[in-house]
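Just so you know, the sequences run in chain order A and B.
Under the numbering used here, the final residue of the first sequence carries the number 944; numbering is consecutive throughout.
Under the numbering used here, the final residue of the second sequence carries the number 944; numbering is consecutive throughout.
Glycine included, C-beta positions come from ideal geometry on N, C-alpha and C.
Following: one structure in structure tokens, then a few remarks.
Number of protein chains: 2
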Amino acid sequence: MNAEHLVDVIRGNIVESEHWGHIAVVNSDGELLYSNGNPNKVIFARSSMKPLQAIPIVETGAADFFQFEPADLSLACASHNGESQHTDRVKNILSKLGLTTDSLKCGTHPPRWKETYEGLMQSGTEITAEFNNCSGKHSGMLSTAIHMGESVEDYYKIDHPVQQRIIEVISDLTEIPVEDIEIGIDGCGVPVHGIPLKNLALGFAKMANPSSFSDKRKGAIEQVTSAMMEAPEMVGGTDRFCSDFMKIEEGQMFGKAGAEGVYCIGDLKSGLGIALKIEDGTGRATSPVAVEVLKQLGLISEEQKELLKEYHYPSLKNARQEVIGQLRPVFSLKNA
Amino acid sequence: MNAEHLVDVIRGNIVESEHWGHIAVVNSDGELLYSNGNPNKVIFARSSMKPLQAIPIVETGAADFFQFEPADLSLACASHNGESQHTDRVKNILSKLGLTTDSLKCGTHPPRWKETYEGLMQSGTEITAEFNNCSGKHSGMLSTAIHMGESVEDYYKIDHPVQQRIIEVISDLTEIPVEDIEIGIDGCGVPVHGIPLKNLALGFAKMANPSSFSDKRKGAIEQVTSAMMEAPEMVGGTDRFCSDFMKIEEGQMFGKAGAEGVYCIGDLKSGLGIALKIEDGTGRATSPVAVEVLKQLGLISEEQKELLKEYHYPSLKNARQEVIGQLRPVFSLKNA
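In structure tokens:
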């Protein structure tokens, strides 16, 4: 293993658990500036790929045709809480497409937002697919299929034009040939994309600074990242790092979490892309590492750091809501 | 880090995540027979300590006085699902003690068993402390306080006789002086105990073969382990490894999970104690390691292994319930 020790989980006076992993910081020219662990490790980006996956929604003209608001496009990049602000908007998008929740092939799971979940149970309401945290992404995929006159039943399959457009965008932004992208199946049934960590960081760097692309692609990328930063509450929701982080970064950075311990950030000011993977797949360690990377790169102010404190050093609480421990980042970024 | 690579998380054709950790296999004489990673690592046993914590319930005479059934004692060793089989029994124990749910200081969390949780929401029932997975342990602690005429408001504090009896038992079984046991606070508000992994294994070995103890302690230990194996459904519940594992082991082994990736087993036939800690604290990796250790030690039959297959090689499913990956143990036990 060439992962590095990134985060300690402290309880009482001892380190109860440790998280190890990999970090890559890349500029939009593809130069690896900093790395910890193995920046060449092939990882599944999981939901961190959603901002790239949203680009065809603009490029096909679907976003314009269906008059998507920034919040609609932001929701297409989301792993959302399933709050009403998310599910109402998903239903509205589907209605614009002439579709219903039945067209979503993401499957169902209880909404992440506890109050929504409990409210559904209290009112005896069935949990349907719009509550799936990926329902915005699926709605976005459907918008391109409808707009291009393609079949909607099988949009989730790798050989469908919806997925082929996405993989072409990923290949272009991450500079990995289509045939070298590892394909797996995500928690919501669509393909996930496996590429080296540093190339995932490159994808975010090129979204932060899309000057090397054609005007069309550049415009589409800017529309997606602006939408995320303009409507960050869509990307996660209440008490979620992605949303709170983008609010605090005030239009300078966009970030997206992925399952199994992935996090990616693009910084517009520096044009840097950051990608990190917690080796063991634990999501709790991602925000401490992400904020610590920004701190060490000097990309956040003291005030922003203070506002992100509970994501930087998350408290562990017991069921009595007493603080009984803390997560702490323990690494130093290394020049690559 | 001296943890070893124990489990791969496979998605598609790649290893998406890895779990590393530590294993100790000890006999009841305290000989370390096998170890992977660092068997001397000080870890918090968390809920894996519950079988040892239940011993004073018998030794104080509380179990006899309150006519505890084996299932009551088994529930005192539980991290249960909060199913009605568990919560009804907790309420019954409290009623025997002349107490109510209000005396439980474990705090509340939604019951782990989804149907129970959703049922509570549907009926508008408040989630009270008996649904906390540790409510059986807390009821057991209260039984000793009541029986010994001690205060019940502060039974969770380290200097209360309830906790002092427990720490004396732990010290005796694990051969760690009381003053060397690291103390933290558990998710349910009571002290947790930090000791070297091999000493935790020793505690389980000595519970599996308690012949070195006084008749009183030996009898109490046998009463606890018999209760766990006689009523394994109390220790976890439906679809829980602890319960299913003990059912399949048919009175030969007892096992108990602990938070942050701990698992411990005692085997009556061989007198061996096994303790394992996943370095990153992830619970999903514990059953694959536990079953693999038993397999490599030759302690389970082909038939038992087959029955434990879904715990040995857990499937990863997406929200559409398709199998899209698998956990796989990847280590070989090493002679210590």
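Which whole-angstrom value is the C-beta distance of residue i and residue j, which I expect to be below 8 Å?
{"i": "B/Gly947", "j": "A/Arg619", "result": "This structure leaves residue 947 of chain B out entirely; chain B is present only between 609 and 944."}
{"i": "A/Ala753", "j": "A/Val777", "result": "Not a contact, Cβ separation roughly 16 Å."}
{"i": "B/Gly592", "j": "B/Glu783", "result": "For chain B, the structure presents residues 609 to 944; residue 592 of chain B sits outside this window and is missing."}
{"i": "B/Val843", "j": "B/Ala686", "result": "5 Å"}
{"i": "A/Leu781", "j": "A/Ala883", "result": "A/Leu781 to A/Ala883, Cβ: 12 Å. No contact."}
{"i": "A/Gln831", "j": "A/Val666", "result": "5 Å"}
{"i": "A/His688", "j": "A/Gly891", "result": "The pair is not a contact, with the Cβ atoms about 15 Å apart (cut-off 8 Å)."}
{"i": "A/Ala893", "j": "A/His717", "result": "Not really, about 22 Å apart at Cβ, beyond 8 Å."}
{"i": "B/Ala670", "j": "B/Ser751", "result": "4 Å"}
{"i": "B/Ser682", "j": "B/Ala816", "result": "Going by Cβ atoms, the distance from B/Ser682 to B/Ala816 rounds to 16 Å, so no, they are not a contact pair."}
{"i": "B/Ser643", "j": "B/Lys942", "result": "6 Å"}
{"i": "B/Gln693", "j": "B/Glu841", "result": "7 Å"}
{"i": "B/Leu916", "j": "B/Phe853", "result": "7 Å"}
Rounded to a whole number of angstroms, what is the C-alpha to C-alpha distance between residue i and residue j?
{"i": "A/Ala944", "j": "A/Val650", "result": "18 Å"}
{"i": "B/Ser731", "j": "A/Gly732", "result": "10 Å"}
{"i": "B/Gly827", "j": "B/Val786", "result": "23 Å"}
{"i": "B/Lys583", "j": "A/Glu726", "result": "The structure shown has nothing for residue 583 of chain B, since chain B only spans 609 to 944."}
{"i": "B/Ser779", "j": "A/Ala867", "result": "41 Å"}
{"i": "A/Phe652", "j": "A/Ile766", "result": "15 Å"}
{"i": "B/Ile908", "j": "B/Leu902", "result": "6 Å"}
{"i": "A/Asp762", "j": "A/Ser711", "result": "10 Å"}
{"i": "A/His768", "j": "A/Lys722", "result": "35 Å"}
{"i": "A/Asp888", "j": "A/Ile932", "result": "23 Å"}
{"i": "A/Val798", "j": "A/Ser747", "result": "12 Å"}
{"i": "A/Asp875", "j": "A/Gln860", "result": "6 Å"}
{"i": "A/Glu677", "j": "A/Ile631", "result": "34 Å"}
{"i": "B/Val615", "j": "B/Leu808", "result": "22 Å"}
{"i": "A/Pro818", "j": "A/Asn700", "result": "30 Å"}
{"i": "B/Phe739", "j": "B/Thr695", "result": "6 Å"}
{"i": "B/Gly811", "j": "A/His920", "result": "37 Å"}
{"i": "A/Lys704", "j": "A/Arg936", "result": "46 Å"}
{"i": "B/Val633", "j": "A/Ile886", "result": "29 Å"}
{"i": "A/Met756", "j": "A/Ser656", "result": "25 Å"}
{"i": "A/Tyr871", "j": "B/Phe862", "result": "40 Å"}
{"i": "B/Thr833", "j": "A/Val899", "result": "47 Å"}
{"i": "B/Gly802", "j": "B/Ile789", "result": "6 Å"}
{"i": "B/Lys864", "j": "B/Ile873", "result": "7 Å"}
{"i": "A/Leu640", "j": "A/Leu880", "result": "10 Å"}
{"i": "A/Ala813", "j": "A/Gln929", "result": "39 Å"}
{"i": "B/Gly951", "j": "A/Ala927", "result": "As displayed, chain B neither begins before 609 nor continues past 944, which places residue 951 of chain B out of reach and without an answer."}
{"i": "B/Cys742", "j": "B/Lys855", "result": "21 Å"}
Taking only beta-carbon atoms, is residue i less than 8 Å away from chain A?
{"i": "B/Ala927", "result": "yes"}
{"i": "B/Arg936", "result": "no"}
{"i": "B/Asp823", "result": "no"}
{"i": "B/Ile932", "result": "yes"}
{"i": "B/Gly802", "result": "yes"}
{"i": "B/Glu868", "result": "yes"}
{"i": "B/Gly863", "result": "no"}
{"i": "B/Gly797", "result": "yes"}
Following a CB-centred definition, is residue i positioned closer than 7 Å to any heavy atom of the ligand SAM?
{"i": "A/Ile882", "result": "Ligands displayed in this structure: none; no statement on the ligand SAM is therefore possible."}
Is there a C-beta anywhere in chain B that falls below 8 Å from the one on residue i?
{"i": "A/Glu841", "result": "no"}
{"i": "A/Thr752", "result": "no"}
### Task
Please go through the stretch 852 to 906 of chain A and give each complete beta strand (DSSP E) segment of 3 or more residues, from N-terminal end onward.
For the stretch 852 to 906 of chain A, whole beta strand (DSSP E) runs of length 3 or above, ordered along the chain, are 861 to 866, 870 to 875, 880 to 886.
### Query
Taking any Cβ of chain B, which residues in the stretch 725 to 742 of chain A have a Cβ under 7 Å from it, in chain order?
Against chain B - using a Cβ distance shorter than 7 Å - the residues of the stretch 725 to 742 of chain A are Glu726, Met729, Gln730, Gly732, Asn740.
### Task
Report the residues of the stretch 770 to 795 of chain B with a CB closer than 9 Å to any CB of chain A, ordered along the chain.
Of all residues in the stretch 770 to 795 of chain B, those with a C-beta nearer than 9 Å to a C-beta of chain A are Glu790, Ile791, Gly792, Ile793, Asp794, Gly795, reading in chain order.
#### Entry: Contact residues within the stretch 685 to 719 of chain B, judged by C-beta distance below 9 Å to chain A
Going along the stretch 685 to 719 of chain B in chain order, one finds Lys713, Cys714, Gly715, Thr716, His717, Pro718 with a Cβ nearer than 9 Å to chain A.
### Message
Could you tell me which whole alpha helix (DSSP H) segments of length 4 or greater appear in the stretch 615 to 690 of chain A?
### Response
Whole alpha helix (DSSP H) segments, 4+ residues: 658 to 661, 663 to 667, 670 to 673, 678 to 684.
### Task
Scan the stretch 756 to 808 of chain B and note each continuous alpha helix (DSSP H) run of 4 residues or more that stays entirely inside, going in chain order.
The stretch 756 to 808 of chain B contains these whole alpha helix (DSSP H) runs: 769 to 782.
### Query
Which parts of the stretch 826 to 852 of chain A are runs of the alpha helix (DSSP H), unbroken and 4 residues or longer, counting only runs that do not cross its ends?
Correct list: 840 to 843.
### Task
Check each residue of the stretch 647 to 673 of chain A: if its Cβ is closer than 9 Å to any Cβ of chain B, include it; give the result in chain order.
Cβ contacts with chain B come from Val650, Ile651, Phe652, Arg654.
### Query
Using a Cβ cut-off of 8 Å, which residues of the stretch 615 to 642 of chain A contact any Cβ in chain B, in chain order?
Cβ contacts with chain B come from Val617, Arg619, Gly620, Asn621, Ile622, Glu624, Ser625, Glu626, His627, Trp628.
### Interfacial residues, the stretch 826 to 858 of chain A to chain B, with Cβ spacing under 7 Å
Sequence-ordered contacts of the stretch 826 to 858 of chain A with chain B are nonexistent [C-beta pairs closer than 7 Å].
### Task
Closer than 7 Å, Cβ to Cβ, to anything on chain B: give me those residues from the stretch 873 to 900 of chain A, in chain order.
If the cut-off is 7 Å between Cβ atoms, the stretch 873 to 900 of chain A has Glu887, Asp888, Gly889, Thr890 near chain B.
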